[in-house]
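Notes for the one structure printed next.
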Amino acid sequence: MKSKQSWLNARISNLRAKTETEQQRLERLKQEVLGEGEAASRPTRRSFLTRLGFGATLLALAGQAYAFLRSLKPNVLYEAPQRFKVGTPDQFGEGGKFLEDKRLFVFRQGKTFYAISASCTHLGCTVKMEKLNQPKKVKTRQREFEEQYEFHCPCHGSKYYGDGTNYAGPAPRPLDYFKLELAAEDGQLIVDMEQKVGQDFRLTV
Amino acid sequence: MAARKSTWEKITWTWQPASEREAGDSIVRNFLLHWFPAKVARESLSWGYSFWLGTVSAVLFLILTITGGVLMFLYVPSVERAYLSVKDLEFTVSFGWFLRGLHRIGAHLMVAFVFVHMVRVFLTGAYKNGTATQQNRPLNWVIGVVLLLATLLLSFTGYLLPWDQLAYWAITVGTNIASAAPVVGEAMRFILLGGNTIEQGTLIRFYVLHCFFLPLLVLALFSYHMWRVRKDGGLACVDKQALDQKREKVVPSKSKTYSLLGIASGASVHVETSLVDEVQHTVPSSPTLTRRLALVTMVTLALSSVLTLLFHAPLEAAANPAVTPNPAKAPWYFLWLQELVTITTFTVGGYTINGALIGGIIIPGLLVAAAIAWPYFDKSSVRSVGVWFAPERRKQNLIFLLVVAGILLFTIIGTYLRGPYWNWYWPWQSWPVMPRKF
Ligand code: FES
């Protein structure tokens with residue numbers, strides 16, 4: 031056991047000595063080839079060119095990465111326009127009409143019109159309009175009114191009064207109202223979903 | 022081994038070595054066996070310690086890769102044709118329903134098994150270093166967390182592809198949660214959707230993520246994960262065994278040769294044997310480990326095939342932006358998140374914070390951060406490594422189990438107790454007949 035131990039020790043110190051010279055050799059080579067270590071303070075042409083090469087490569091890679099990532103952001107969108115005609119006022123009966131493909135409710139009360147988004151303000155599901163069995167008196171925004179219908183969201187259960195004010199569930203704010211206009215040329219209603227308006231907005235025709 | 026080998030034997034000898042020596046050789050010679058050490062501790066092969074959960078997850082990933090590859094021949098990632106091509110898979114392609122079903126069940130099982138694997142690793146304290154040198158188990162735990170996230174993302178991007186109602190509303194809710202992130206949110210949603218609205222650009226982006234980038238990520242990380250297991254000296258229960266032996270003052274067997282490679286870098290000569298007594302406690306990897314591996318593979322394949330036959334893969338109506346299904350439910354493994362975003366909208370002084378930010382980003386973000394940081398704060402001793410429910414780690418395990426229980430509770434609530442308009446319904450209450458769509 032004893033002799034084995036000393037043999038092991040000898041073998042190890044042998045190995046360490048060897049690795050040390052290896053390291054010294056590496057150090058020397060580094061200095062010679064890359065100009066690192068002490069010699070680095072005095073850049074040689076070789077070390078300068080090496081750095082230039084590495085730098086250029088890094089720059090090129092960064093450029094490639096940027097080009098790749100930038101290409102993911104579309105510059106041209108082929109999406110449906112956010113401003114569109116929805117028909118002449120007399121095509122709308124009293125009450126609300128759901129325009130499916132626009133996810134939009136257009137309401138008519140006598141001579142006035144307004145448009146409410148059907149996209150839930152929580153996470154964007156399409157709210158459903160629920161006709162109430164009997165009108166309910168509600169007080170919201172310092173006003174009292176009798177509501178005939180409400181909006182309910184199927185995804186996480188947000189509830190909105192008939193004027194779009196949220197009163198239950200996780201929705202953080204009322205449903206959006208969009209601007210309505212009359213087209214000068216043919217008298218059609220125009221909805222502009224880019225322009226949000228207040229909950230009191232009404233278009234009178 | 023003087024007898025001449027037949028061609029068959031020449032091909033398969035690494036899988037059925039005839040001697041100890043051949044068993045060792047086979048590991049070196051066989052490409053597939055390179056992941057294994059020549060000998061493994063018997064303990065780490067036991068069913069009761071690891072339940073082979075990681076292996077099952079890996080096998081499921083293999084099944085998913087193969088079925089997914091076949092599905093790519095048959096599926097068209099276009100908004101006009103995606104739904105129809107999945108319908109074709111169901112009704113006109115020979116065994117198309119089985120392929121799709123297996124792919125789907127495999128995905129469900131993989132989410133479940135990767136998660137349970139994580140729970141197992143935590144409860145056995147296996148993310149901690151034992152006594153052997155050059156271990157970095159905390160790193161492997163972190164890689165595991167990333168693998169779990171990648172698995173969830175793979176599932177998410179996967180169920181968008183049929184472009185049915187589930188897909189459409191999941192992507193609506195999912196990308197709106199992303200946009201709730203501070204500062205980068207809106208830009209992130211724009212990049213994910215490839216625009217402002219959910220259209221062709223969105224589908225192709227998720228398709229490429231699902232079929233190329235995410236699997237590539239999982240493959241790379243999984244390989245590293247496995248390699249690290251070997252670098253760490255095998256499963257954590259082996260560390261425990263070595264520790265027990267050292268306590269018993271077992272003299273290493275004579276035949277043991279010490280590698281000197283690790284010594285030169287250290288400051289002093291210190292030969293540490295963290296290995297278990299090889300003669301007594303280890304067996305050749307080939308064929309012991311390989312045989313079990315084959316068994317686990319077969320059972321996993323059989324299980325997922327049977328489940329595929331039992332549970333038919335549903336396909337909802339084609340995507341319809343106008344009508345959200347009521348209730349619109351995520352797959353079971355995201356229901357706890359759906360419950361979270363539901364109950365976390367808060368109003369502070371007239372200012373309302375959307376539940377998407379708290380329940381969709383902050384809480385899950387904190388959970389992930391805690392999981393990643395945990396191994397670096399765990400100060401329990403080395404004696405609790407590789408032990409189920411180590412008394413020393415009781416408090417940690419309790420906290421972890423509470424979080425897991427919370428997630429399970431929310432999942433159960435989402436699955437069984439939420440009805441139309443996400444209202445609360447007890448199982449014995451029937452859902453009202455919904456009024457017609459306006
Ligand atoms: S999306 Fe409407 S409640 Fe969440």
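Chains as they are written, first to last, in my numbering: chain A, 31 to 235; chain B, 22 to 459. All C-beta atoms, glycine included, are put in the ideal place defined by N, C-alpha and C.
Residue i, DSSP secondary structure in three states
{"i": "Gly287(B)", "result": "Residue confidence is low: Gly287(B) scores 45 on pLDDT, short of 50, so the model does not pin down where it sits. Its coordinate-derived value is still stated next. Looking at Gly287(B) - three-state DSSP - the assignment turns out to be coil, as it is neither helix nor strand."}
{"i": "Phe191(A)", "result": "Note that residue 191(A) is Tyr in the sequence shown here, rather than Phe. Correct three-state label for Tyr191(A): coil."}
{"i": "Phe122(A)", "result": "coil"}
{"i": "Ile433(B)", "result": "helix"}
{"i": "Ile393(B)", "result": "helix"}
{"i": "Ser451(B)", "result": "coil"}
{"i": "Thr80(A)", "result": "helix"}
{"i": "Asn3(B)", "result": "Outside the displayed range of chain B (22 to 459) lies residue 3(B), so it cannot be described from this structure."}
{"i": "Leu205(A)", "result": "coil"}
{"i": "Phe128(A)", "result": "strand"}
{"i": "Asp109(B)", "result": "helix"}
{"i": "Phe143(B)", "result": "helix"}
{"i": "Tyr228(B)", "result": "helix"}
{"i": "Leu314(B)", "result": "helix"}
{"i": "Tyr104(B)", "result": "helix"}
{"i": "Ala198(A)", "result": "strand"}
{"i": "His182(A)", "result": "strand"}
{"i": "Thr234(A)", "result": "strand"}
{"i": "Gln266(B)", "result": "helix"}
{"i": "Val132(B)", "result": "helix"}
{"i": "Thr345(B)", "result": "coil"}
Residue i - partner residues in DSSP beta bridges
{"i": "Trp445(B)", "result": "Arg439(B)"}
{"i": "Gln94(A)", "result": "Looking at the DSSP assignment, Gln94(A) forms no beta bridge with any residue, so it has no partner."}
{"i": "Tyr144(A)", "result": "Phe137(A)"}
{"i": "Phe367(B)", "result": "Ile374(B)"}
{"i": "Ser43(A)", "result": "DSSP lists no partner for Ser43(A)."}
{"i": "Asp222(A)", "result": "Arg113(A), Lys209(A)"}
{"i": "Pro305(B)", "result": "Lys60(B)"}
{"i": "Asp298(B)", "result": "According to DSSP, which records beta bridges pairwise, Asp298(B) is partnered with nothing at all."}
Same chain only: Cβ atoms within 6 Å of residue i, ignoring 5 sequence neighbours per side
{"i": "Val137(B)", "result": "Leu74"}
{"i": "Ser405(B)", "result": "Gly146, Ala411, Glu413, Arg414"}
{"i": "Leu328(B)", "result": "Ile126"}
Residues near residue i in its chain [Cβ-Cβ closer than 7 Å; skip 5 each side]
{"i": "Ser200(B)", "result": "Gly206, Glu207, Met209, Arg210"}
{"i": "Val114(B)", "result": "Leu95"}
{"i": "Val304(B)", "result": "Lys60, Val61, Arg63"}
{"i": "Leu235(B)", "result": "Ala171, Leu174, Leu175, Thr178"}
Residue i to residue j span [Cα, whole Å]
{"i": "Pro453(B)", "j": "Trp447(B)", "result": "13 Å"}
{"i": "Val344(B)", "j": "Gly199(A)", "result": "19 Å"}
{"i": "Trp68(B)", "j": "Trp395(B)", "result": "27 Å"}
{"i": "Ser149(A)", "j": "Pro119(A)", "result": "23 Å"}
{"i": "Phe421(B)", "j": "Lys400(B)", "result": "15 Å"}
{"i": "Gln164(A)", "j": "Gln178(A)", "result": "7 Å"}
{"i": "Lys26(B)", "j": "Leu66(B)", "result": "31 Å"}
{"i": "Glu176(A)", "j": "Phe233(B)", "result": "56 Å"}
{"i": "Asn161(B)", "j": "Ala377(B)", "result": "31 Å"}
{"i": "Gln229(A)", "j": "Asp206(A)", "result": "8 Å"}
{"i": "Arg158(B)", "j": "Ile379(B)", "result": "31 Å"}
{"i": "Leu430(B)", "j": "Gly165(B)", "result": "24 Å"}
{"i": "Leu264(B)", "j": "Val408(B)", "result": "12 Å"}
{"i": "Leu387(B)", "j": "Leu153(A)", "result": "21 Å"}
{"i": "Tyr442(B)", "j": "Leu358(B)", "result": "16 Å"}
{"i": "Ile48(B)", "j": "Leu310(B)", "result": "11 Å"}
{"i": "Ile146(A)", "j": "Ala128(B)", "result": "40 Å"}
{"i": "Tyr180(B)", "j": "Met319(B)", "result": "26 Å"}
{"i": "Gly90(B)", "j": "Glu111(B)", "result": "17 Å"}
{"i": "Glu211(A)", "j": "Val221(A)", "result": "7 Å"}
Residues near residue i by beta carbon distance below 8 Å, same chain, minus five either side
{"i": "Glu215(A)", "result": "none"}
{"i": "Leu169(B)", "result": "Val135, Phe136, Met139"}
{"i": "Gly187(A)", "result": "Ala198, Gly199, Pro200"}
Residue-chain proximity (residue i, chain C), Cβ-Cβ < 9 Å
{"i": "Ala391(B)", "result": "Among the protein chains in the structure shown, which are A and B, there is no chain C."}
Q. Do the region 112–128 of chain B and the region 256–272 of chain B meet, that is, are 3 or more Cβ pairs less than 8 Å apart?
A. no
Q. Do the region 176–186 of chain B and the region 332–352 of chain B make contact, defined as three or more Cβ pairs closer than 8 Å?
A. yes
Q. Do the region 59–78 of chain B and the region 256–263 of chain B make contact, defined as three or more Cβ pairs closer than 8 Å?
A. yes
(Q) Closer than 8 Å is the cut-off here; do at least three beta carbon pairs connect the region 342–361 of chain B with the region 130–140 of chain A? (A) yes
Q | Cβ pair count under 8 Å reaching 3, the region 357–364 of chain B against the region 430–441 of chain B | A | yes
**Q.** Segment contact flag, the region 319–335 of chain B with the region 86–103 of chain B, C-beta cutoff 8 Å, min 3 pairs
**A.** no
Q | Validate contact between the region 36–46 of chain B and the region 100–114 of chain B using beta carbons, cut 8 Å, 3 pairs | A | no
Q) Touching or not, the region 75–86 of chain A and the region 187–198 of chain A, by the rule of three or more beta carbon pairs under 8 Å? A) no
Q: Count the CB pairs spanning the region 97–110 of chain A and the region 157–172 of chain A that are closer than 8 Å, and state whether there are at least three.
A: no
Q: Name all residues in chain order for which at least one heavy atom of ligand 3 lies closer than 5 Å to the residue's CB.
A: In terms of ligand content, the structure shown lacks ligand 3 and carries ligand 1 instead.
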